[in-house]
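Below is one structure; the comments refer to it alone.
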Ligand SMILES: Nc1ncnc2c1ncn2[C@@H]1O[C@H](COP(=O)(O)OP(=O)(O)OP(=O)(O)O)[C@@H](O)[C@H]1O
Ligand SMILES: [Mg+2]
């Protein structure tokens with residue numbers, strides 16, 4: 040193994056340690072990210088709070104446009120204009136990233152945080168060999184390296200993500216989609232970050248390859264003890280990969296819970312509909328949700344954000360916004376049904 044990559048003890052590796060004893064690597068508090076447009080601010084992320092614990096994978100799900108990528112970009116402080124963070128804290132190992140300037144952020148990015156962006160495998164440089172791209176990532180942050188040592192380090196990374204050594208001198212177009220995605224995972228872990236954010240790392244791949252790439256992420260988590268946020272649409276895949284699941288709807292966090300609990304007993308009506316709509320092998324279930332978030336993110340309704348589509352809507356939901364509260368140990372939900 041390279042000097043960069045250190046193995047953790049079994050207790051540190053276990054992301055499922057009991058509630059209350061875990062250390063939060065990331066603590067996002069009341070995050071607000073708006074995109075300013077001529078017709079008003081798009082409230083893409085509106086008062087979102089959640090934690091990522093040491094050595095766990097937190098799944099972040101919700102339909103297209105609910106704010107998953109914006110949340111990820113805000114954590115990395117990479118939201119582009121006309122977007123901007125308008126409130127909240129992003130505590131990484133207890134240090135708030137939200138007010139940092141570019142110089143302060145440079146060290147944190149990649150050394151502590153790594154991103155596998157949405158569509159990452161298509162962003163590999165087509166005219167550069169795989170080894171060259173990884174070498175460049177290392178040398179940008181650590182300076183010029185001894186060639187033999189760097190080769191050893193890259194080959195070790197390949198082993199870790201299940202890539203054959205023969206791709207060392209290949210170009211991206213010579214690799215399959217799954218291999219390219221694993222190169223992106225290798226590039227994310229090369230600087231030994233404490234948190235990896237993977238934005239839909241498997242969505243462009245076929246089902247079988249999705250599982251393989253998913254398994255690679257699990258292996259990386261287990262062997263390096265790194266924490267991850269795994270953004271995705273596929274609830275089935277999330278069920279297999281993540282320790283806890285965070286559900287977003289229209290810029291709001293509506294439920295956060297250990298993944299087993301949320302599949303067994305989803306509390307928020309939106310989560311219930313998401314889980315009910317997972318196709319099962321035995322029976323085809325109709326999607327009970329109509330496509331798309333129903334209101335304009337510029338003009339959220341007073342009260343609950345999900346009221347227009349909620350089958351269990353009550354009077355209070357139309358006027359009072361439900362806060363995200365811990366209803367059962369480690370099970371958070373924002374819904375008046377549990378007041
Ligand atoms: N530059 C922009 N200007 C205005 N609105 C934007 C801009 N970028 C994103 N948005 C809006 O912010 C909201 C959140 O977008 P985001 O990309 O975070 O969603 P997402 O959950 O990642 O969706 P997907 O699953 O499709 O990737 C969307 O409603 C989107 O229209
Ligand atoms: Mg996205």
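In the working numbering, the protein residues as written are 40 to 378. Heads up, the beta-carbon is just placed ideally off N, CA and C, and yes, glycines get one too.
Is the closest heavy atom of ligand 1 to the C-beta of residue 81 under 7 Å?
-> Residue 81 Cβ: within cutoff of ligand 1.
So which of 309, 375, 243 has the shortest CA-CA distance to residue 159?
-> Nearest option by C-alpha distance: 243.
For residue 157, collect the residues of the same chain with a Cβ closer than 7 Å to its Cβ; drop the 5 residues on either side in sequence, then sort them by chain order.
-> 108, 238, 239.
Beta-carbon proximity of residue 151 to residue 234, cut-off 8 Å = The Cβ-Cβ distance between residue 151 and residue 234 falls below 8 Å.
Would you say residue 300 touches ligand 2, meaning its beta carbon is less than 7 Å from a heavy atom?
-> Residue 300 Cβ: outside cutoff for every heavy atom of ligand 2.
Cβ distance (whole Å) where residue 126 is taken to contact residue 71 below 8 Å | About 4 Å separates the beta carbons of residue 126 and residue 71, which is inside the 8 Å limit, making them a contact pair.
Distance, Cα to Cα, residue 121 vs residue 285?
-> The alpha-carbon atoms of residue 121 and residue 285 are separated by roughly 26 Å.
Tell whether a beta-carbon distance below 8 Å holds between residue 63 and residue 92.
-> Yes, Cβ-Cβ distance for residue 63 and residue 92 is below 8 Å.
Going by the C-beta, is residue 127 closer than 7 Å to any heavy atom of ligand 1?
-> No, ligand 1 has no heavy atom inside 7 Å of this Cβ.
Take residue 290 as the anchor and find which of 102, 78, 97, 76 has the nearest alpha-carbon.
-> Considering only alpha carbons, the answer is 102.
Determine the DSSP secondary structure at residue 308, reduced to helix, strand or coil.
-> Helix at residue 308.
Proximal residues to residue 187 (C-beta, below 8 Å), its chain only, five neighbours per side dropped = Within the same chain, no Cβ atom closer than 8 Å to the Cβ of residue 187 is found once the five residues on either side in sequence are excluded.
beta-carbon residue 74 near ligand 1 non-hydrogen atom, thresh 7 Å = Yes - ligand 1 has a heavy atom lying nearer than 7 Å to the Cβ of residue 74.
For residue 379, verify whether its CB is less than 7 Å away from any heavy atom of ligand 2.
-> The shown model of the chain, from 40 to 378, leaves out residue 379, and the question about it has no answer.
Locate the alpha helix (DSSP H) running through residue 142, then write down its first and last residues.
-> In the DSSP assignment, residue 142 falls within the unbroken alpha helix (DSSP H) covering 141–147.
Taking only runs of the alpha helix (DSSP H) that begin and end inside the segment 233–268, which ones reach a length of at least 4 residues, in chain order?
-> The qualifying runs are 246–263.
Going by the C-beta, is residue 122 closer than 7 Å to any heavy atom of ligand 1?
-> Result yes, Cβ under 7 Å from ligand 1.
Please find out if some non-hydrogen atom of ligand 1 comes closer than 7 Å to the beta-carbon of residue 374.
-> Taking the Cβ of residue 374 as the reference point, every heavy atom of ligand 1 lies at 7 Å or farther away.
Presumed contact (8 Å Cβ cut-off) between residue 87 and residue 67, rounded CB distance = The pair is a contact, with the Cβ atoms about 6 Å apart (cut-off 8 Å).
Which residue from 199, 309, 75 puts its Cα closest to that of residue 262?
-> Residue 262 has its Cα closest to that of 199, out of 199, 309, 75.
Cα-Cα separation between residue 406 and residue 162, rounded to whole angstroms = Given that the chain is displayed from residue 40 to residue 378, the structure contains no residue 406 and the question cannot be resolved.
Take the Cβ of residue 371 as the centre, count every other Cβ of all protein chains shown within 10 Å, and call the residue buried at 16 or more, exposed below.
-> Burial state of residue 371 is buried, judged by a 10 Å Cβ sphere holding 16 or more other Cβ atoms.
Examine ligand 1 and report whether any of its heavy atoms sits within less than 7 Å of the Cβ of residue 264.
-> Not so, every heavy atom of ligand 1 lies at least 7 Å from the Cβ.
Exposure label - residue 374; buried when at least 16 CB within 10 Å = Flag for residue 374 reads buried.
Pair within 8 Å by beta-carbon distance, residue 346 and residue 337 | Contact: no.
Considering only residues of the same chain and omitting the five flanking positions on each side of residue 193, which have a CB-CB separation below 6 Å?
-> Excluding its 5 nearest sequence neighbours in each direction, residue 193 has C-beta neighbours in its own chain below 6 Å: 170, 173, listed in chain order.
Return the chain-ordered list of same chain residues with a C-beta closer than 8 Å to the C-beta of residue 365, the five sequence neighbours on each side being excluded.
-> So the list reads 371, once near-sequence residues are dropped.
Rounded C-alpha distance that separates residue 142 from residue 353 | When rounded, the distance between both Cα atoms is 49 Å.
Ignoring anything shorter than 4 residues or poking outside the segment 199–235, list the alpha helix (DSSP H) runs there in chain order.
-> Fully enclosed alpha helix (DSSP H) runs of 4 or longer: 216–228.
When burial is assigned at 16 or more other CB atoms within 10 Å of the CB, is residue 362 buried or exposed?
-> Exposure of residue 362 is indicated by the presence of fewer than 16 other C-beta atoms within 10 angstroms of its C-beta.
Spatial neighbours of residue 55 within its chain, please: CB distance less than 8 Å, with the 5 preceding and 5 following residues excluded, ordered by chain position.
-> Below a pLDDT of 50, predicted positions are generally treated as unreliable, and residue 55, at 40, falls in that range; no measurement from the model is reported.
Can you tell me the Cβ-Cβ gap for residue 280 and residue 269, rounded? I've got them flagged as a contact below 8 Å.
-> Their Cβ separation, rounded to whole angstroms, is 6 Å, which keeps residue 280 and residue 269 in contact under 8 Å.
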